[in-house]
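Have a look at the structure below, then the notes.
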Ligand code: SF4
Ligand code: MG
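In UniProt numbering, the protein residues as written are 6 to 335.
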């Protein structure tokens, strides 16, 4: 049967503002590629982490998935149905089923509504319970995220950052989603609070059978809570596979460099080819061939001209590198 979410060849470009001189000189608008042909799949009940340096397209991908952005090319399928073709009820259903949690839940909570009102609205407006049953459901939701029952009568400003993140999670759960998309939701929290939220997410996933897309630059957290990981670089997925397998034997030179730069994950072995040189190229001007070639210690002539497509290997790993094991020599 089809995966819960399947993304195929997703591309998204943003227009870049021209400076005064460029406008006076009549230069055309330039475009920056945020996503450049991303493909991935998420199975029901699984956590897929998306990792990569900032600016690699992780957030754009998350926003395309919840339709805060529309992609320029490619498709997203939900249980085999093309999300781009959904209208009316089907689209509302998709939007309810795929819920995003943001880094700063405060900005997405109405400061004039109590937590109970916010949760009730979500429940009633979406027709999930009659209004009379909403208070009982609110109590259930607060309990699910380990907030005290009296949280329902209080306002968002009365809570700490970690508690607000729990409220954000409760609001997402109010819609009875099948998938949660979490974009850097831990980065504004203290380490001890991060650990509580991570444990909460893991227990919720087990209890509710949720799927999760967890966007993060924190490789330690990713290793701890994800089943699979997709590594992004300049708008492309360069490696995807089971988290433990990818972390213990990274196959793409960029993944190796990323892990080597994060010794706290405890996996780097100082491999000779784990160095990464130079700066991240501009997304307005992607390098030809392999986008990683200007920084790759193993780049060959082929890498400068031919795109290494993301191909699966026998071990269930996908790698976009001409030198990946199992590739036909050319
Ligand atoms: Fe490096 Fe070439 Fe592989 Fe790209 S395709 S990661 S440049 S070896
Ligand atoms: Mg981001």
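Just so it is clear, CB atoms sit at the ideal spot from N, CA and C, and this is done for glycine as well. Just so you know, these numbers come straight off a predicted model, no measurement behind them.
Neighbourhood of residue 173 by C-beta, 8 Å cutoff - its chain only, sequence neighbours within 5 removed = Position 168 of the chain shown, counted from the start, is the residue given in the question as residue 173. For residue 173, the CB contacts under 8 Å within the same chain, skipping 5 residues up- and downstream, are 106, 107, 110, 113, 114 and 190 in chain order.
request  = Going by CA-CA distance only, name the one from 10, 135 and 38 that's closest to residue 86.
outcome  = Along the chain shown, read from residue 1 onward, the residue named residue 86 stands at position 81. The candidate whose alpha carbon is nearest that of residue 86 is 10.
inquiry  = Residues around the ligand SF4, please: the condition is that the C-beta lies closer than 5 Å to some non-hydrogen atom of it.
reply    = Here the residues come out as 258, 295, 297, 298, 301, 303, 304, 308, 313, 326, 327 and 328.
query = What are the start and end residues of the beta strand (DSSP E) that includes residue 42?
reply = Against the chain shown, residue 42 aligns to sequence position 37. Element bounds for residue 42: 35 to 47.
task = Answer yes or no: do residue 179 and residue 242 have a C-beta to C-beta separation smaller than 8 Å?
result = As a first step, residue 179 is located in the chain shown; it is residue number 174 there, counting from the start. As a first step, residue 242 is located in the chain shown; it is residue number 237 there, counting from the start. Not a contact, by the Cβ cut-off of 8 Å.
ask   = When you compare only the Cα positions, how much space is there between residue 245 and residue 51?
value = In the chain shown, the residue the question calls residue 245 occupies position 240. In the chain shown, the residue the question calls residue 51 occupies position 46. Straight across, the Cα-Cα distance linking residue 245 with residue 51 is about 14 Å.
query = Helix, strand or coil: how does DSSP classify residue 246 here?
reply = On the chain shown, residue 246 is found 241 positions in, with the first residue counted as 1. Reduced to three states, the DSSP call for residue 246 is strand.
ask   = If you pair each beta-carbon of the stretch 165 to 172 with each one of the stretch 202 to 222, do three or more pairs fall below 8 Å?
value = These segments touch.
For residue 216 and residue 161, the rounded distance between their alpha carbons = Against the chain shown, residue 161 aligns to sequence position 156. Against the chain shown, residue 216 aligns to sequence position 211. Roughly 27 Å between the two C-alpha positions.
Helix, strand or coil at residue 229 [DSSP, three-state] = In the chain shown, the residue the question calls residue 229 occupies position 224. Correct three-state label for residue 229: helix.
ask   = If we call anything under 8 Å between Cβ atoms a contact, is residue 120 one with residue 157?
value = Mapped onto the chain shown, residue 120 falls at position 115. Mapped onto the chain shown, residue 157 falls at position 152. The answer is yes: Cβ separation under 8 Å.
message = So for residue 13, helix, strand or coil by DSSP?
response = The sequence position of residue 13 within the chain shown is 8, counting from 1. Note: residue 13 maps to strand in three-state DSSP.
ask   = Which residues in the same chain as residue 318 place their Cβ atom closer than 6 Å to its Cβ, once the five residues preceding and following it in sequence are excluded?
value = Translated into the one-based positions of the chain shown, residue 318 becomes position 313. So the list reads 331, once near-sequence residues are dropped.
ask   = Is the stretch 214 to 233 in contact with the stretch 41 to 56, if contact means three or more CB pairs nearer than 8 Å?
value = A contact between stretches requires three or more CB pairs, one per stretch, nearer than 8 Å, and the stretch 214 to 233 meets this requirement with the stretch 41 to 56.
ask   = Which same chain residues, not among the five before or five after residue 257, have their C-beta less than 6 Å away from its C-beta?
value = As a first step, residue 257 is located in the chain shown; it is residue number 252 there, counting from the start. So the list reads 243, 244, 324 and 326, once near-sequence residues are dropped.
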